[in-house]
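Line by line, the protein sequences give chains V and Z.
Counting with the numbering used here, you get residues 1 to 608 for the letters of the first sequence.
Counting with the numbering used here, you get residues 1001 to 1141 for the letters of the second sequence.
All C-beta atoms in this analysis are idealised placements derived from N, C-alpha and C, irrespective of residue type, glycine included.
A short worksheet on the structure shown next.
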Amino acid sequence: MAEAMADSYNGDSEPTTRTLLRRVLDTADTRTPRRRRSARVGAQKALLETPSSRRLSSPTKMNVRRHSHRVRSIGRLAHVHTSGNVEEQTPRTLLKNILLTAPESSIMRPESVVKPVPTPQVVQSSRRDSSRGSLELQLPELEPPTTLALGLLAPGRRKQRLRLSVFQQGMDQGLPLSQEPRGNASASSLTSSLNLTFATPLQPQSVQRPGLARRPPTRRAVDVGAFLQDLRDTSLALASPGDSLRTPVATLPADTVLEDTQPFSQPLVGRSPSGYHSLTCLSHTEVEDAERAVSLRTQSSGPRLQNHSLYVCPAESPGCWFLLHVRAESVLDQDTPNKYHPGKPAELLAGKAKKVDAHAVSFPNNSSAISGEDGVEPLQDGVDEEAEERMEESLSVSEVMDTTGTQGSVRTEKSKRHREMSEAVEAKEPEGSSGDEDISGRRASPELASSTTEFLQARQPQFLEPALPPSTAVLSSEPLEPLPTRLPPRARTPGPRPRQDPHKTGLSHYVKLFSFYAKMPMEKKALEMVEKCLDKYFQHLCDDLEVFAAHAGRKTVKPEDLELLMRRQGLVNDQVSLHVLVERYLPLEYRQLLIPCAFSGNSVFPAQ
Amino acid sequence: MEEEEDGAAEEQQRFSYRQRLKAAVHYTVGCLCEEVASDREMPFSKQTIAAISELTFRQCETFAKDLEMFARHAKRSTINTEDVKLLARRSNSLLKYITEKNEELTQFNTEQKAKKKKQLENDNTKSVAPAEAEAAGKDGS
């Protein structure tokens, strides 16, 4: 058979390397006693190759692959089958022989390879039986090729994937296997590798883009109608106040709007109280299309919300505007901010034509800037009392923000999350503003939701934590990044909060580590005790450090003090010095700071 | 070979010295325990006394090392009362006791010094006077 093939090959006018290799293959197969299978395969391969050789346009590719595989497999096979083609005995041919013989001779039998192979093997074995003489690819036995195939599969996976389609086409058409897949490895290994690709066709595809698979579904279909309405609403609301602050923030919305990972690009803080009046009138008609019920509710809470929205911390902190909202509401109740209103509606109307993005972005900043100072001070006074009010208002404000909205696609997500959050909050504080919450829920921006949750958490951790932490944890991380300019609201608000909180937050990390390494479920009380012990331990440690520094007549704690402490602890002794521990456990960045290291220019850092 | 012998002998010497120290500590601890037992009217078993004495011995070793470390940390070559106070800071009552003792000692020392100074002055005057007397006497004669 091989000779027949060879004869057929002789008809080839071009003595390309491929043809040479093929000849070698054929001859090699026939010669080696163990080559029965590969001989068959090789013969069939030759058959397949000959008709398809001309069709394939990239002989070099195959050769390259073969060579690469040969290089890989050469390590396994010590012997080389010269295969009688003395005149053609080039290193390439030798490698090719090795490649051919590799499957049979290799000892390794990776189990992982065996699994995927059986399934296709079954299919192909049937094929083999049926179509011996056909041009279809014959599969060698499972075991021998798998070993080599496994090794070749990984590097050649991409190539196999690409050629899989070709292979499928070939199978469908009854064509012999194209040379490209064969090029990856010898016939046997190639087929086995192909089997593997069959077996796990999905894996490469899924692995190919892990990032996309893991990313949460980002965009939803944009509801154009709602989006346009939101644009209009936001333009109205953000028109006047946003002017001054638009420029600095103008860039933000563009970046944050479209980004999935930063859904809280700009929590729409609020609207001018006066502007909202007009806005509600205007938006009422506009919103009706999308959310009629929402608009009605917003109207009732609109002016309030708008007032609130104005009073936002200049720091753009998510929680700030909540505080300010509360304040704004109280102000509104007192009818003080009425002065605002006349100016705003006109501005809003004027600004209607402006782009929403700029508005949406600038509005929170605006409102915050305007009323930040006012709201912050009074807020700090009655924190606990107005907590509930704030919660509602924050939610309602967030709703308003949402309705005026920034991005439709993001909005849908936000609304969902906000809905969750608002629902959770509602459960705790069911009040008249629930309607607002619903409104906001629909189009709540995750920014608002997260900011709300953050703020609420900071304010009333007791009853918010159970419901909010999950959402907050997801959301809170993100808004902080896109809003670097926002000041943390917690710094001001929890005045009476004991200093335990910042301490415990650090200890909780160690407690978590402890519970992890315990490998057993632990009671809450036990964890609390652990936390207490850790607290005392660290207190002791710091006291010791202080005393040591004072003992040396210093006011600053230096590494020498720490070394003394560790010596007392027994970590550092005559056999183990501090530098040894530093080298063992600290990363390079810290090691550079601690252990003097010579740098270029005859400089040593840290200086001794 | 001589070094090895010397080394071994030294080792033995040290060991025997150590044993003697341990014995001394054990004896002292035994005496103290007897006192406490007679106070509380509860006898001490021998194992208890042995355990306490062993514990004391090891703790003394630790104390010594710590004191040396503290002195070196303060860039001194002599162990000071400050070092001792640092050592005892953990136990409040002990620290208090030590501080009081320290104050007493300092007071005593200052008093001693004052006395010594006076004596020195007296001696000086006395020594000066006879010298002058002698000089005067010489001149006179």
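Under a 10 Å Cβ-count criterion, V:Asn97 is classified as buried, with 16 or more other Cβ atoms of the shown protein chains found around its own Cβ. Taking 8 angstroms as the threshold, the shortest C-beta distance from V:Ala518 to chain Z does not fall below it. Contact of Z:Asp1066 with chain V is assigned, a C-beta pair being separated by under 8 angstroms.
If you look at V:Phe538, you'll find it in the alpha helix (DSSP H) that goes Lys524 to His551. The CB of V:Glu528 never comes closer than 9 angstroms to any CB in chain Z; the least such distance is about 25 angstroms. Taking a beta-carbon distance threshold of 8 angstroms, V:Glu560 counts as an interface residue toward chain Z.
Taking one beta carbon from each stretch, the segment 1045 to 1063 of chain Z and the segment 1015 to 1032 of chain Z have 3 or more pairs nearer than 8 angstroms; the two touch.
Within the same chain, and ignoring the five residues on either side of Z:Ile1079 in sequence, the residues whose Cβ sits closer than 6 angstroms to its Cβ are Leu1067 and Ala1071.
For Z:Leu1086, the nearest beta carbon of chain V is closer than 8 angstroms to its own beta carbon. Nearest CB-CB separation between V:Leu571 and chain Z: not below the 8 angstroms threshold. Contacts between Z:Glu1082 and chain V, judged by CB atoms closer than 9 angstroms, involve His551 in chain order. Secondary structure of V:Val604 (DSSP, three-state): strand.
For Z:Phe1070, the residues of chain V that pass the 7 angstroms Cβ criterion are His551, in the order they occur in the chain.
For V:Phe538, no chain Z residue has a C-beta closer than 8 angstroms to its own C-beta; the minimum C-beta separation is roughly 16 angstroms. Under the 8 angstroms Cβ criterion, the segment 541 to 549 of chain V counts as touching the segment 560 to 572 of chain V, having at least three qualifying pairs.
Between V:Leu565 and chain Z, the shortest Cβ-Cβ separation is not below 8 angstroms.
With fewer than 16 neighbouring CB atoms inside 10 Å of its own CB, V:Asp543 falls in the exposed class. Taking the Cα positions, V:Lys525 is about 12 angstroms away from V:Val511. Put simply, the backbone Cα of Z:Asn1122 is about 28 angstroms away from that of Z:Glu1103.
Contact between V:Val582 and V:Leu565 does not hold, since the beta-carbon distance rounds to 14 angstroms and is not under 8 angstroms.
Classified as exposed, V:Thr505 has fewer than 16 neighbouring CB atoms from the shown chains inside 10 Å of its CB. Taking the Cα positions, Z:Gln1112 is about 50 angstroms away from V:Pro596. DSSP places V:Phe599 inside the beta strand (DSSP E), whose first and last residues are Cys597 to Phe599.
Only exposed fits Z:Arg1018, as fewer than 16 other CB atoms lie within 10 angstroms of its CB. Where Z:Met1069 is concerned, the enclosing alpha helix (DSSP H) starts and stops at Lys1046 to His1073. DSSP, reduced to helix, strand and coil, places Z:Arg1076 outside both helices and strands of the structure shown, so it counts as coil. When DSSP states are grouped into helix, strand and coil, Z:Pro1043 belongs to the coil group. Using a Cβ-Cβ cut-off of 7 angstroms, Z:Arg1058 is close to nothing in chain V; its nearest Cβ partner there is about 13 angstroms away.
DSSP, read as helix, strand or coil, puts V:Met520 in coil.
Contact with chain V is found for Z:Arg1089, since one of that chain's Cβ atoms lies less than 8 angstroms from the residue's Cβ. Within the segment 567 to 596 of chain V, those residues whose Cβ lies closer than 8 angstroms to any Cβ of chain Z are, in chain order, Arg567 and Arg568. Closest in C-alpha terms to V:Val530, from the list V:Leu541, V:Phe514 and V:Pro91, comes V:Phe514. Identification of residues in the segment 1017 to 1040 of chain Z having a C-beta nearer than 9 angstroms to some C-beta of chain V yields an empty set.
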